[in-house]
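Asker: If you read the sequence shown in the working numbering, its first letter stands for residue 79, the second for the next number, and so on.
In this text, a Cβ means the ideal position worked out from N, Cα and C, and glycines have one as well.
Quick caveat, the model's predicted, so the values are computed rather than measured.
I have a structure here, written as structure tokens, and I will follow up with some questions on it.
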Amino acid sequence: MIILGIDTSFDETSVAVCDGVKVLSNVISSQVRYHKKYGGVVPFLTQRYHKERIDAVIEQALVRSGKTWKDIEAIAVTYGPGLAPALEVGLQKARELSLEHSLPLYPINHMAGHIASCFVQTGNSKQNVELPALALLVSGCHTELVRVERFGQFEMMGQTLDDALGEAYDKVARMLGLGYPGGRLVAKMAESGDPSRYNLPIPMQKRGDLNFSYSGLKTAVRMLTHTLKDGNHNQAMTAEQVHNVSATFQDVALASLVIKTQKALKQFPEAKTLLLAGGVAANTELRKRLRLVAKQAGIELIAPRNQALCTDNAAMIAVAGYLSIQEGAQPVKPEEIDRDPNLSL
Ligand code: KG4
Ligand code: ZN
């Protein structure tokens with residue numbers, strides 16, 4: 079089944095064409111260069127850039143897939159969670175296209191999309207996701223442990239009480255003067271740092287529940303950077319200090335994910351697979367640690383095939399549409415679909 083997916087939930091304008099779980103094209107136009115100078119995404123600007131790019135991105139996705147409108151059988155579009163003005167651009171376009179080409183329209187939860195990114199097939203690679211599964215979703219706005227009984231039957235086991243891990247990475251990058259988006263940059267610095275050089279607390283380690291919290295750690299990093307700068311007579315931190323702070327932050331932040339995931343697996347022994355998704359799933363150290371967690375539980379870790387499938391993209395939305403249809407989802411009328419910025423799983 080050929081599905082066109084659209085995602086404009088945040089700062090990427092993305093359109094993809096998928097055949098079942100197989101990606102035919104996945105075009106992502108990032109707004110990073112516009113938001114960079116502000117050190118983060120400026121919500122009211124997102125809509126303008128999505129509007130400017132959406133038609134060209136749709137066109138490119140069709141051309142690269144080798145398909146035309148005659149081949150497309152359904153449209154899947156993100157309706158939440160995300161920034162309201164940004165979501166509206168993708169939704170409005172999906173409504174128009176659904177009417178123009180008489181195509182069924184499926185509204186998709188962006189976080190279900192991230193879960194679907196683990197099912198996405200690229201080239202000849204096969205992702206054999208056995209359900210039920212435990213999913214760990216770590217993005218710029220979410221940190222969640224989700225029980226996946228079937229696709230669409232999700233139950234939240236734990237979530238962040240304040241900041242998401244991706245957001246904490248971005249804030250730490252800013253404190254260290256590394257730029258935006260910061261996750262990848264902090265991870266890179268951490269590679270050559272000493273994670274035991276400073277003492278930072280592992281967040282929520284002693285709490286019995288499966289929730290996360292990263293604001294305390296963020297504050298601890300801020301205090302540490304101030305202390306280090308004071309020690310340098312208020313000059314910038316040395317490169318070695320930046321490497322070590324990055325490594326220490328990443329070490330305790332990931333330790334918290336590992337501890338909670340192990341706890342969740344104990345509460346959900348039926349899980350046959352551990353799924354890892356969201357922008358932070360691109361982190362090599364996180365994948366390494368979770369692979370070990372899965373191995374210890376006698377199950378397999380499945381994460382998206384590449385970086386582009388970890389961060390926001392429309393292939394995961396098209397595949398979420400396909401998996402929902404397989405589970406019996408019904409299309410909605412274009413006029414009935416509305417954005418839901420605070421939607422949860
Ligand atoms: O899923 P995503 O594209 O957007 C949301 O839906 O929020 O996630 C973006 C987040 C950003 O915070 C970014 O810094 C983080 O993912 N990220 C990483 C890495 N690559 C992206 N964090 C840690 N290590 C990485 N390699
Ligand atoms: Zn996302």
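Taking 7 Å as the cut-off, does the CB of Ala360 come closer than this to any heavy atom belonging to the ligand KG4?
Answerer: Here residue 360 refers to the residue found at position 282 when the sequence shown is read from its first residue. At least one heavy atom of the ligand KG4 is nearer than 7 Å to the Cβ of Ala360, so yes.
Asker: Given the structure, does Ala416 come close to the ligand ZN, in the sense that its CB is under 7 Å from one of the ligand's heavy atoms?
Answerer: As a working note, residue 416 is residue 338 in the sequence shown. It is Asp, not Ala, that sits at residue 416 in the sequence shown. Checking the Cβ of Asp416 against the ligand ZN gives no.
Asker: Can you tell me the Cα-Cα spacing of Ala333 and Thr146, whole angstroms?
Answerer: Translated into the one-based positions of the sequence shown, residue 333 becomes position 255. Translated into the one-based positions of the sequence shown, residue 146 becomes position 68. A straight line joining the alpha-carbon of Ala333 with that of Thr146 spans about 47 Å.
Asker: Between the stretch 235 to 247 and the stretch 92 to 102, do at least 3 Cβ pairs fall closer than 8 Å?
Answerer: The stretch 235 to 247, when compared against the stretch 92 to 102, does not touch it at the 8 Å Cβ threshold.
Asker: Do the stretch 118 to 125 and the stretch 195 to 202 meet, that is, are 3 or more Cβ pairs less than 8 Å apart?
Answerer: Taking 8 Å as the limit for Cβ pairs, the verdict is that the stretch 195 to 202 does not touch the stretch 118 to 125.
Asker: Nearest to Ala134 by CA position, among Ile106, Tyr116, Lys115, Ala213, is which residue?
Answerer: Looking up residue 134 in the sequence shown gives position 56. It is Ile106 whose Cα lies nearest to the Cα of Ala134.
Asker: Given 7 Å as the limit, tell me if Pro163 has its C-beta closer than that to any heavy atom belonging to the ligand KG4.
Answerer: In the sequence shown, counting from the first residue as 1, residue 163 sits at position 85. No, the ligand KG4 has no heavy atom inside 7 Å of this Cβ.
Asker: For Tyr157, which residues of its own chain have a beta-carbon under 8 Å away from its beta-carbon, when the five flanking residues on both sides are left out?
Answerer: Here the question's residue 157 lines up with position 79 in the sequence shown. Answer for Tyr157: Leu165, Leu169, Pro185, Ile186, Asn187, Ile415, Asp416, Arg417, Asp418, Leu421, listed in chain order.
Asker: Per DSSP, which one or two residues make a beta bridge with Pro185?
Answerer: Against the sequence shown, residue 185 aligns to sequence position 107. Per DSSP, Val155.
Asker: Entirely within the stretch 299 to 370 and at least 3 residues each: give me those beta strand (DSSP E) ranges in chain order.
Answerer: Along the length of the stretch 299 to 370, whole beta strand (DSSP E) runs at least 3 residues long occupy 351 to 355, reported in chain order.
Asker: Taking a cut-off of 5 Å, which residues have a beta-carbon closer than that to any heavy atom of the ligand ZN, in chain order?
Answerer: Ser217, Asp390
Asker: Report the CB separation of Val299 from Met253 in whole angstroms; it is logged as a contact under 8 Å.
Answerer: Here residue 299 corresponds to residue number 221 of the sequence shown, with the count starting at 1. Here residue 253 corresponds to residue number 175 of the sequence shown, with the count starting at 1. That belief holds up - the Cβ atoms of Val299 and Met253 are roughly 6 Å apart, short of 8 Å.
Asker: Would you tell me roughly how many angstroms separate the C-alpha atoms of Leu209 and Ile403, rounded to the nearest one?
Answerer: One-based indexing of the sequence shown puts residue 209 at position 131. One-based indexing of the sequence shown puts residue 403 at position 325. Computed Cα separation, rounded: 17 Å.
Asker: Could you tell me which of Ala349, Gln319, Lys341, Ser217 sits nearest to Arg262, measuring between CA atoms?
Answerer: Taking the first residue of the sequence shown as 1, we reach residue 262 at position 184. Closest option to Arg262, Cα to Cα, is Ser217.
Asker: Under a Cβ-count criterion, where at least 16 other Cβ atoms within 10 Å of its own Cβ denotes burial, should Val358 be classed as buried or exposed?
Answerer: By one-based count along the sequence shown, residue 358 stands at place 280. Per the 10 Å Cβ criterion, buried.
Asker: Under DSSP, the alpha helix (DSSP H) around Cys388 begins and ends at which residues?
Answerer: One-based indexing of the sequence shown puts residue 388 at position 310. That run of the alpha helix (DSSP H) goes 385 to 388.
Asker: Straight-line CA distance for Asp85 to Asn391?
Answerer: As a working note, residue 85 is residue 7 in the sequence shown. As a working note, residue 391 is residue 313 in the sequence shown. In a straight line, the C-alpha of Asp85 is about 7 Å away from that of Asn391.
Asker: Using three-state DSSP, classify Phe122 as helix, strand or coil.
Answerer: Taking the sequence shown and counting its residues from 1, one reaches residue 122 at position 44. Three-state result, Phe122: helix.
Asker: Mark Arg55 as exposed unless 16 or more other C-beta atoms lie within 10 angstroms of its C-beta, in which case mark it buried.
Answerer: Here the chain has residues from 79 to 423 only, and residue 55 is not among them.
Asker: DSSP three-state label for Arg225, please.
Answerer: In the sequence shown, residue 225 corresponds to position 147, counting from 1. In the structure shown, Arg225 falls within a strand segment according to DSSP collapsed to helix, strand and coil.
Asker: According to the Cβ coordinates, are Leu223 and Lys338 closer than 8 Å?
Answerer: Locating residue 223 in the sequence shown gives position 145, where the first residue counts as 1. Locating residue 338 in the sequence shown gives position 260, where the first residue counts as 1. Contact flag set, yes.
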